[in-house]
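What follows is a single structure, written as structure tokens, with notes after it.
Okay, here's the thing in structure tokens:
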């Protein structure tokens, strides 16, 4: 498209952004107006996209990392004919696909944005999938705001993109000088961004973000740059084109005061239609082979850490399916993804100690058809909480595996102990939360995760645990296993992971004193096995949950949730980690937290009235 | 200390690091050995510290951001005479202050480390406190590892330190080339770090990290550099001094294979004692004035957003106490900390959109005697989850305030909605979790937070809510308010924040149909008011919790926890946000989530058997 027409298109995008926010009575028109010229050039001259086939593997990826500029994105869709005027007018209304911030309710939106600093690291995941896995070539365009450059996640992404030479990735940085509450740190000092990105290995181009020809040239340069990601660093003005708001503070996130006058100042409504270049219609994603799955098999009684079983199972899964990818945060020797890395190095992604980028890459890759397993210590997954939260808004299906759960890791101390991870994952919308206690259970659950939708979490243990189950045992998600059961059960012990073994030992101790208890292995924490728990409640009247996790948000809460259905509830007791651990052996830690076999047995005796009070 | 002696001291630190890990049977001696020369020079020639008075305001701050190098830190303490040999030998044993990673169980450790990338941003908070608040001058020394430079939080800190010209801050970067599982991204390319840090506004010095004189000169240069933070970028070898491990992969995080031989190779045990330079003994922290607190007062029936009340109360608190500081993530106009910024600009800290740095700065400042309130959207606090987790290990007392909680924010959509925040904060060790529903309640709780220990969270609302309580009403932490109560109560509605008002409306709807219900305002979610909840259970037999939060980890779980004490439990039902919201008005959102008055009333009728099934 020629410059004059592009200028008109940009004005149309501005007018439509103003219009749509005005109709909605809320939104971010000024943040859209600054980037309208960038968007017009990109849409008309550089984006490759078939709006009729959003799942086309050859489509470019377009991410509005500054998701609040949704009026601009939807105005682009309107100009491309993807949405019509009647749908356009539903912006921000109940039931509309045009939400305040973009989500995959719209088929052309791969991932949700709106929490700043996430679009670029997710784009890194998409570019990695495209460049490293030999997919159909596509470019990844990420529109970033200048405010979000303060987020560390941007620099995790900048580092990884530079290091991995992701030349299919282009960041378009809309330096409009004004954040939500005032000027950004660097205002219009483009050099500040250039120096930083250049130092991180990027090709950088500074442009006047309202100069159509300069933008066009920069996009061409980005497309022809080899071996480096490109940042187009564009000086723009927030609210560009309307004097009453242009480059003015206090105009963030609200409709223009006089939309009609603003539209007139912008030259009135236009009705340009853009024919976006489509990818080669013949291009298809190489079919992923799915072969027979040979999961490792472990003998009952052997001692195997569940993290070891995870590493072996993931490797086997990777052998069976070509779409499995493994990602790690530079602790693959601990999480045991290194097993996978040796067998399938081309599908192993080392993200270094950057957990936000780790999860973001997984989200980006699943949007490109991969089945990612992202692993690090359970404790350090808290670093990526906001990315996990946004992954649910993105309707992303990712498997996340956290090792070194709980105090049972021993001497390394509380900084390394996952004690809040179950709470974090359980509170995510649509999540699945699993914690196996033995090796065969682990392998089955690892395989099952590949088929699950949403964010799926598996918690593994550092230390070895005895194999309880045979290799052919089934472990459906949402199920549990009753390991001890008699008609005389006075009480039910509910364990998960390491505490299953403590519960079994406690049951033995109690049995020696004539007290029989039921033991349930609740390997599926969310969803929980309501049937088994309700039966245990009916039979024994009292459930004691035992977890190597803080008492809040984890197993105890999950079991209590089952009994929050308005029906009469059993007596419930929860044992969990209430102290602040220090260094100690694993056994000392379990004892110190009151979740070892002796502590459990003591609790049962107290509750059954058989304890001797001295 | 002269070079020859410093060389000996460094060898002593190596020997002791090897010794202590060997005695413990675990630990990170090789990561300690790389930094031993840096540590020796710092301790003997540059650190100002009175080990007998760890609370001395003139003490320098020393943070091992690479907390796994604890053997080195403790060897420094041994050399300084702060710990003796018998305590030294307790490293990593149960009950020892010498934990696997440093924590404030030791009086010379201000903040816990062990989750990488946290020491530097916390150091930024300390330097900010020192330089911006006119405290007694001290320097902040942060020892970083090269692996942790991949963490985005490091770059949030680098950006803020450069921008704020924090010349009291020195980063000593131990570039030992090897991470946990293999080489780092940049290995020994010091220039990679230099270019990046220089671009972020740092003064940089590259040194051979085993050249005592070069290190000494670099420390002198750091101390005399004005207007910029300094990074001493030191090329080192992991395991330096012992050929079998030096610069070799696979030697991370484990004792040396033959400690005795290694000690011999290092020249054997030494017993050097370092006299660390003490600060001016007369220097004292300027006394903080505490004046009369004039909290804002609101009239019952007025409509005020709790975030507005927060901003006003914080401002009043800042007027009464000079040690109150406010920090924000560039959304002060939304969180209302901007009220504070106008009244007390010298104690207002804008951290821009960098939530990890936001919380880290608060942690650093509280270690320097301030009482910090850190605010951003509730949703975006998830970005700082790992920092909040580590704050509890640091025994830090910080107030954190999250605005825009829940679906009730309306049109902006799920990316902006705090729906997991209660779960996150509730699962933190020793935390307090508060959610006021009106303005007067807010002000009282904001004032109370200043006195609380640990991580204290307050959740505020975007929209206005009617003032229910008079300005003289008291709201003790751990309490609740019974807003409707009769002897005929068929059921209890438990609300918090916005849902208190929906519960009240539901009670009115039900009363019109002859169904009386109790209404409890559970403003203190952790600790919960067990007495009131138990009484409600005894009186009404059934509790319905209603929360603008996912059903997991928040109010529903908190109430269920109260009834997990082994005693018979009432019937429990939880209403919460089970759908994935889109854009809609606040009223539509509450209805869509089933937590508005009509939905609550319908639930009550269903449970009391008075619903008409059509």
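Chains as they are written, first to last, in the UniProt record's numbering: chain Z, 1 to 614; chain X, 1 to 614. All residues carry an ideal CB built from backbone N, CA and C; glycine is no exception.
Asked                                                                                                                                             : Found
Test: residue 361 of chain X CB closer than 8 Å to a CB of chain Z                                                                                : no
Given residue 312 of chain Z as reference, the closest of Z/200, Z/555, Z/439 and Z/536 once Cα atoms are compared                                : Z/439
Distance, residue 9 of chain X Cα to residue 396 of chain X Cα                                                                                    : 33 Å
Contact list for the region 594 to 612 of chain X against chain Z, Cβ threshold 7 Å                                                               : 607
Spatial distance of residue 323 of chain Z from residue 97 of chain Z (CA atoms)                                                                  : 30 Å
Rounded C-alpha distance that separates residue 591 of chain Z from residue 500 of chain Z                                                        : 15 Å
Buried versus exposed call for residue 487 of chain X [16 or more other C-beta atoms within 10 Å across all chains shown]                         : exposed
Three-state secondary structure (DSSP) of residue 140 of chain Z                                                                                  : strand
Contacts around residue 428 of chain X, its chain only, beta-carbon distance under 7 Å, and the 5 residues preceding and following it disregarded : 388, 389, 392 and 455
Neighbourhood of residue 470 of chain Z by C-beta, 8 Å cutoff - its chain only, sequence neighbours within 5 removed                              : 300 and 440
Short CB-CB distance (under 8 Å) between residue 315 of chain Z and chain X                                                                       : no
Residue from X/497, X/550, X/383 and X/348 with nearest C-alpha to residue 426 of chain Z                                                         : X/550
Chain X contact residues for residue 457 of chain Z, given Cβ-Cβ distances below 7 Å                                                              : What residue 457 of chain Z touches in chain X: nothing, since even the nearest Cβ is about 13 Å away.
Length at least 4, wholly inside the region 125 to 196 of chain X: the alpha helix (DSSP H) runs in chain order                                   : 152 to 163
Alpha-carbon spacing of residue 529 of chain X relative to residue 448 of chain X, whole angstroms                                                : 16 Å
Beta-carbon proximity check, residue 108 of chain X vs residue 51 of chain X, cutoff 8 Å                                                          : yes
For residue 518 of chain Z: DSSP bridge partner residues                                                                                          : Z/492
Straight-line Cα distance separating residue 598 of chain Z from residue 586 of chain Z                                                           : 14 Å
Separation of residue 255 of chain Z from residue 22 of chain Z, as counted between CA atoms                                                      : 5 Å
Touch test, the region 461 to 468 of chain X against the region 408 to 420 of chain X, Cβ-Cβ under 8 Å, three pairs minimum                       : yes
Candidates X/102, X/468 and X/274, of which the one nearest residue 442 of chain X by Cα                                                          : X/468
Residues in the region 47 to 74 of chain Z having any Cβ partner in chain X nearer than 7 Å                                                       : 67
Same chain only: Cβ atoms within 7 Å of residue 307 of chain Z, ignoring 5 sequence neighbours per side                                           : 335, 336, 403, 460, 461 and 462
Residue 421 of chain Z versus residue 315 of chain Z - alpha carbon distance                                                                      : 24 Å
Per-residue contacts from residue 174 of chain Z into chain X (C-beta, under 9 Å)                                                                 : Per Cβ cutoff of 9 Å: no residues; residue 174 of chain Z is ~14 Å from chain X at best.
8 Å CB neighbourhood of residue 302 of chain Z in its chain, flanking five on each side removed                                                   : 439, 466 and 467
Cβ-based burial, residue 361 of chain Z [other Cβ within 10 Å; buried from 16]                                                                    : buried
Length of the line joining the Cα atoms of residue 374 of chain X and residue 366 of chain X                                                      : 11 Å
C-alpha distance - residue 506 of chain Z paired with residue 600 of chain Z, whole-angstrom precision                                            : 6 Å
Between the CA atoms of residue 340 of chain Z and residue 622 of chain Z - distance to the nearest angstrom                                      : The shown model of chain Z, from 1 to 614, leaves out residue 622 of chain Z, and the question about it has no answer.
Cβ neighbour criterion (16 or more within 10 Å) applied to residue 244 of chain X                                                                 : exposed
Minimum length 3: unbroken beta strand (DSSP E) runs contained in the region 549 to 591 of chain X                                                : 571 to 575
Partners in chain Z for residue 424 of chain X, counting only beta-carbon separations shorter than 8 Å                                            : 385, 420, 423, 424 and 427
Inter-stretch contact (C-beta, 8 Å, three-pair minimum) for the region 273 to 281 of chain Z and the region 27 to 38 of chain Z                   : no
Beta-carbon contacts of residue 582 of chain Z that lie in its chain and below 8 Å, excluding the five residues immediately before and after      : 413 and 414
Opening and closing residue of the alpha helix (DSSP H) in which residue 26 of chain Z lies                                                       : Residue 26 of chain Z -> no alpha helix (DSSP H), and no H or E assigned at all.
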